[in-house]
Each structure stands twice: as C-alpha cells, then as structure tokens.
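Please read the structure below before turning to the comments.
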Amino acid sequence: MNEQQNSILGTEEDPLYTPTSDEKTMGILSHILSLVCGIIAPLIIFLIKKDESTYVAKHAKESLNFQITMLIIVIILAITIIGILLIWVVGIAALILVIIATIKASEGKFYRYPLNFRLIK
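Using the numbering used here, the letters of the sequence shown map in sequence onto residues -16 to 104.
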C-alpha cells in the first residue's frame, strides 16, 4: 500500500524509534482524555510536550484535530433536523476511533484518524 492509502485507512508506518513508557502514557492520555475533556486535554498535552517529544506532540495534534473535526460536525448536524438523529452515530464512531487510537498509542505506533481535518500542523 502506498502512503495515501495508509493515511486513508488510519495507519502509518511505525515510528523510527521506540518511545519511552512516559511518551506512550502521554500519547495514550492525549486520546483517552479527549473523551472526557474534549479539546482541552490534547491541547494542554500538546502545548506542554511539543518541544520535548515528537511522539507525544504528534499524538496530541492528531487527537486535537480529531476533536475539532468532531465539534464542527456535531455543530453542523445539530443545526439540521435530520442531523439530530445522526449525532448518535457520529458519537459512536468517534468513540470507536478514539479507542483504536489509544490502542495504537499504547503499542508505540502512530495513528491518523480517517476523515480528520488537519487544522493544527
């Protein structure tokens, strides 16, 4: 598979280095805390760790971009009548994707959410 296909499927090549257990923990937290705190947790983790760890910064950016994307989608769906019913579907899909990203972070791998607006680069 080429890089474009990997990106669409939400997978990437393994990192060139093995992240430390602290980096893995922060990568996991950047995804899992977004379920409770929305964009706040990945934003704080990104701002604190962006200069210390590329691994943590990449996971935090990806999680932050995903939370912003989900916020935009939910706002658009809330405005439309049919969208109110679809919000549940989006929520369940988001939960599943966050769980997958958390598992990938715990394995020391990078994960790109599919259909994610890359607003923070």
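Idealized CB from N, CA, C, for every residue including glycine.
Closest option to THR3, judged by alpha-carbon separation, among TYR38, ALA76, ALA61, LEU18: TYR38.
Here PHE100 is exposed: its Cβ has fewer than 16 other Cβ atoms, across all protein chains shown, within 10 Å. Between the alpha carbons of ILE55 and SER17 lies a distance of about 15 Å. With distances taken between CA atoms, ILE22 lies nearest to THR52 out of LYS7, ALA88, THR52, ALA76. LYS87 and ALA43 have their C-alpha atoms some 13 Å from each other. Within the same chain, and ignoring the five residues on either side of VAL73 in sequence, the residues whose Cβ sits closer than 8 Å to its Cβ are MET53, ILE56, VAL57, LEU60.
Within the same chain, GLY(-7), PHE49, TYR96, PRO97 come within 8 Å of LEU80 by CB-CB distance, once the 5 residues on both sides are set aside. CA-to-CA, the gap between CYS20 and SER36 works out to about 22 Å.
Rounded to the nearest whole angstrom, the C-alpha separation of GLY91 and LEU78 is 20 Å.
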